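Numbering (my numbering), first residue to last: 1 to 176.
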(Lines of atoms letter the chains of each structure in order from A; the text may use other names.)
(Lines give C-alpha, C1' and ligand atoms only; values in the text may rest on other atoms or scores of the structure.)
Protein backbone atom coordinates (compact mmCIF):
# COMPACT_ATOMS: atom_id res chain seq x y z
CA UNK A 1 0.00 0.00 0.00
CA UNK A 2 1.02 3.58 -0.61
CA UNK A 3 1.64 5.94 2.35
CA UNK A 4 -1.04 8.65 2.57
CA UNK A 5 -1.37 12.14 4.01
CA UNK A 6 1.04 12.74 6.91
CA UNK A 7 2.97 9.54 6.23
CA UNK A 8 4.03 10.89 2.82
CA UNK A 9 5.44 14.02 4.45
CA UNK A 10 7.25 11.97 7.09
CA UNK A 11 8.83 9.84 4.38
CA UNK A 12 9.89 12.84 2.30
CA UNK A 13 11.41 14.72 5.26
CA UNK A 14 12.98 11.67 6.89
CA UNK A 15 10.94 12.24 10.03
CA UNK A 16 12.22 15.76 10.64
CA UNK A 17 9.62 18.39 11.50
CA UNK A 18 10.32 22.08 11.88
CA UNK A 19 8.39 23.87 14.59
CA UNK A 20 7.52 27.52 14.26
CA UNK A 21 7.34 29.79 17.29
CA UNK A 22 3.81 30.46 18.45
CA UNK A 23 4.49 33.34 20.85
CA UNK A 24 2.54 36.53 20.33
CA UNK A 25 4.46 39.40 18.74
CA UNK A 26 5.91 42.14 20.90
CA UNK A 27 4.10 45.35 20.02
CA UNK A 28 5.57 48.78 20.42
CA UNK A 29 3.60 51.73 21.71
CA UNK A 30 1.73 53.44 18.95
CA UNK A 31 3.05 56.92 18.42
CA UNK A 32 0.67 59.81 18.79
CA UNK A 33 0.96 62.63 16.33
CA UNK A 34 1.99 65.80 18.12
CA UNK A 35 0.51 69.06 16.85
CA UNK A 36 2.97 71.53 15.38
CA UNK A 37 0.69 74.56 14.98
CA UNK A 38 -2.85 73.62 16.07
CA UNK A 39 -4.19 70.60 17.95
CA UNK A 40 -7.64 70.91 16.42
CA UNK A 41 -6.45 71.04 12.82
CA UNK A 42 -3.71 68.42 13.10
CA UNK A 43 -4.96 65.86 15.65
CA UNK A 44 -8.73 65.89 15.36
CA UNK A 45 -10.32 64.57 12.18
CA UNK A 46 -13.86 65.65 11.43
CA UNK A 47 -14.62 62.31 9.80
CA UNK A 48 -14.16 60.60 13.18
CA UNK A 49 -17.02 62.70 14.55
CA UNK A 50 -19.24 62.53 11.48
CA UNK A 51 -21.65 59.94 12.94
CA UNK A 52 -22.15 62.03 16.06
CA UNK A 53 -22.80 65.17 14.03
CA UNK A 54 -25.30 63.33 11.82
CA UNK A 55 -27.16 62.11 14.93
CA UNK A 56 -27.06 65.63 16.38
CA UNK A 57 -28.49 67.03 13.16
CA UNK A 58 -31.30 64.45 13.11
CA UNK A 59 -32.35 65.41 16.63
CA UNK A 60 -32.13 69.13 15.84
CA UNK A 61 -34.36 68.63 12.78
CA UNK A 62 -37.19 67.17 14.85
CA UNK A 63 -40.09 69.52 15.47
CA UNK A 64 -40.53 68.07 18.94
CA UNK A 65 -39.07 69.97 21.85
CA UNK A 66 -39.28 67.72 24.86
CA UNK A 67 -36.89 66.64 27.59
CA UNK A 68 -35.85 63.46 25.75
CA UNK A 69 -34.81 65.36 22.62
CA UNK A 70 -32.90 67.97 24.63
CA UNK A 71 -31.16 65.24 26.65
CA UNK A 72 -30.21 63.39 23.47
CA UNK A 73 -28.68 66.58 22.03
CA UNK A 74 -26.80 67.21 25.29
CA UNK A 75 -25.52 63.63 25.38
CA UNK A 76 -24.25 63.77 21.79
CA UNK A 77 -22.44 67.05 22.43
CA UNK A 78 -20.99 65.65 25.66
CA UNK A 79 -19.81 62.55 23.80
CA UNK A 80 -17.97 64.70 21.23
CA UNK A 81 -16.41 66.76 24.03
CA UNK A 82 -15.30 63.59 25.82
CA UNK A 83 -13.72 62.22 22.64
CA UNK A 84 -11.77 65.46 22.13
CA UNK A 85 -10.56 65.42 25.74
CA UNK A 86 -9.63 61.75 25.41
CA UNK A 87 -7.47 62.55 22.36
CA UNK A 88 -5.79 65.36 24.30
CA UNK A 89 -5.15 63.08 27.28
CA UNK A 90 -3.65 60.45 24.97
CA UNK A 91 -1.31 63.11 23.60
CA UNK A 92 -0.38 64.17 27.12
CA UNK A 93 0.12 60.58 28.28
CA UNK A 94 2.22 59.19 25.42
CA UNK A 95 4.32 62.22 24.52
CA UNK A 96 7.65 62.87 26.20
CA UNK A 97 7.44 65.44 28.97
CA UNK A 98 8.56 68.87 27.73
CA UNK A 99 8.01 68.12 24.04
CA UNK A 100 6.25 71.46 23.45
CA UNK A 101 9.35 73.43 24.48
CA UNK A 102 11.26 72.31 21.39
CA UNK A 103 11.71 74.86 18.60
CA UNK A 104 9.77 72.63 16.20
CA UNK A 105 6.59 73.21 18.23
CA UNK A 106 7.17 76.93 18.85
CA UNK A 107 4.12 77.95 16.78
CA UNK A 108 1.74 75.85 18.91
CA UNK A 109 -0.43 78.26 20.94
CA UNK A 110 0.55 78.63 24.60
CA UNK A 111 -2.86 77.46 25.83
CA UNK A 112 -2.59 74.24 23.85
CA UNK A 113 0.92 73.69 25.21
CA UNK A 114 -0.38 74.05 28.76
CA UNK A 115 -3.20 71.62 27.99
CA UNK A 116 -1.22 68.97 26.11
CA UNK A 117 2.22 68.82 27.75
CA UNK A 118 2.86 67.10 31.10
CA UNK A 119 5.54 69.66 31.95
CA UNK A 120 2.77 72.26 32.53
CA UNK A 121 0.95 70.17 35.18
CA UNK A 122 1.54 72.70 37.95
CA UNK A 123 0.37 75.60 35.78
CA UNK A 124 -2.78 73.65 34.83
CA UNK A 125 -3.66 73.11 38.48
CA UNK A 126 -2.83 76.59 39.80
CA UNK A 127 -4.11 78.77 36.99
CA UNK A 128 -7.61 78.35 35.56
CA UNK A 129 -7.50 81.19 33.00
CA UNK A 130 -6.35 78.83 30.25
CA UNK A 131 -9.54 76.75 30.66
CA UNK A 132 -11.81 79.61 29.60
CA UNK A 133 -10.01 80.27 26.33
CA UNK A 134 -9.46 76.58 25.60
CA UNK A 135 -13.11 75.74 26.20
CA UNK A 136 -14.08 78.51 23.77
CA UNK A 137 -11.71 77.03 21.16
CA UNK A 138 -13.12 73.52 21.66
CA UNK A 139 -16.70 74.82 21.41
CA UNK A 140 -15.86 76.72 18.21
CA UNK A 141 -14.25 73.62 16.72
CA UNK A 142 -17.32 71.51 17.53
CA UNK A 143 -19.77 74.01 16.02
CA UNK A 144 -17.57 74.65 12.96
CA UNK A 145 -17.09 70.93 12.40
CA UNK A 146 -20.83 70.33 12.67
CA UNK A 147 -21.43 72.99 10.01
CA UNK A 148 -18.71 71.54 7.73
CA UNK A 149 -19.78 67.90 8.07
CA UNK A 150 -23.52 68.53 7.61
CA UNK A 151 -24.25 70.22 4.30
CA UNK A 152 -27.65 71.64 5.35
CA UNK A 153 -26.60 72.33 8.93
CA UNK A 154 -28.45 74.77 11.12
CA UNK A 155 -26.56 77.97 11.75
CA UNK A 156 -25.61 77.87 15.39
CA UNK A 157 -25.18 81.15 17.18
CA UNK A 158 -23.71 82.63 20.32
CA UNK A 159 -26.19 80.90 22.63
CA UNK A 160 -25.19 77.46 21.42
CA UNK A 161 -21.50 78.43 21.53
CA UNK A 162 -21.81 79.54 25.16
CA UNK A 163 -23.71 76.37 26.09
CA UNK A 164 -21.10 74.10 24.51
CA UNK A 165 -18.31 76.22 26.01
CA UNK A 166 -19.82 75.78 29.48
CA UNK A 167 -20.03 72.00 28.98
CA UNK A 168 -16.40 71.89 27.82
CA UNK A 169 -15.30 73.98 30.79
CA UNK A 170 -17.09 71.61 33.20
CA UNK A 171 -15.45 68.61 31.51
CA UNK A 172 -12.02 70.26 31.65
CA UNK A 173 -12.56 70.99 35.33
CA UNK A 174 -13.30 67.32 35.98
CA UNK A 175 -10.47 66.02 33.77
CA UNK A 176 -7.70 68.47 34.72
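No residue lacks a Cβ here, since even glycine has one placed at the ideal position from N, Cα and C.
Since we're looking at a predicted model, the values are computed, not measured.
Collapsed DSSP secondary structure at residue i in the structure displayed
| i | result |
| --- | --- |
| residue 23 | coil |
| residue 159 | helix |
| residue 51 | helix |
| residue 7 | helix |
| residue 172 | helix |
| residue 126 | helix |
| residue 135 | helix |
Residues of its chain near residue i, where Cβ-Cβ distance is below 7 Å and the 5 sequence neighbours each way are ignored
| i | result |
| --- | --- |
| residue 118 | 92 and 97 |
| residue 79 | 52 |
| residue 168 | 81, 135, 138 and 139 |
| residue 153 | 57, 146 and 147 |
| residue 55 | 76 |
| residue 162 | none |
Supposed close pair residue i, residue j - CB separation, criterion 8 Å
| i | j | result |
| --- | --- | --- |
| residue 37 | residue 108 | 6 Å |
| residue 35 | residue 121 | Not really, about 19 Å apart at Cβ, beyond 8 Å. |
| residue 130 | residue 114 | 5 Å |
| residue 160 | residue 143 | 6 Å |
| residue 67 | residue 59 | No, residue 67 and residue 59 are not in contact; Cβ-Cβ is about 13 Å, not under 8 Å. |
Contacting residues, own chain, Cβ-Cβ under 6 Å from residue i (five flanking each side not counted)
| i | result |
| --- | --- |
| residue 165 | 135, 136 and 139 |
| residue 175 | 85 |
Continuous alpha helix (DSSP H) stretch holding residue i: start and end
| i | result |
| --- | --- |
| residue 71 | 67-94 |
| residue 120 | Element bounds for residue 120: n/a, residue is neither H nor E. |
| residue 153 | Run containing residue 153: none; DSSP gives neither H nor E here. |
| residue 42 | 39-43 |
Beta-carbon proximity list for residue i, same chain, < 8 Å, skipping 5 on both sides
| i | result |
| --- | --- |
| residue 141 | 40, 44 and 84 |
| residue 132 | 169 |
| residue 95 | 32, 34, 116, 117 and 118 |
| residue 156 | 143, 146 and 147 |
Discussion item. So, does the stretch 6-22 touch the stretch 90-103, judging by three or more C-beta pairs under 8 Å?
Written reply: Below 8 Å, too few C-beta pairs join the stretch 6-22 and the stretch 90-103 to call them touching: fewer than three.
Item to complete: Would you be able to state if there are at least three C-beta pairs under 8 Å between the stretch 41-53 and the stretch 75-94?
Response: yes
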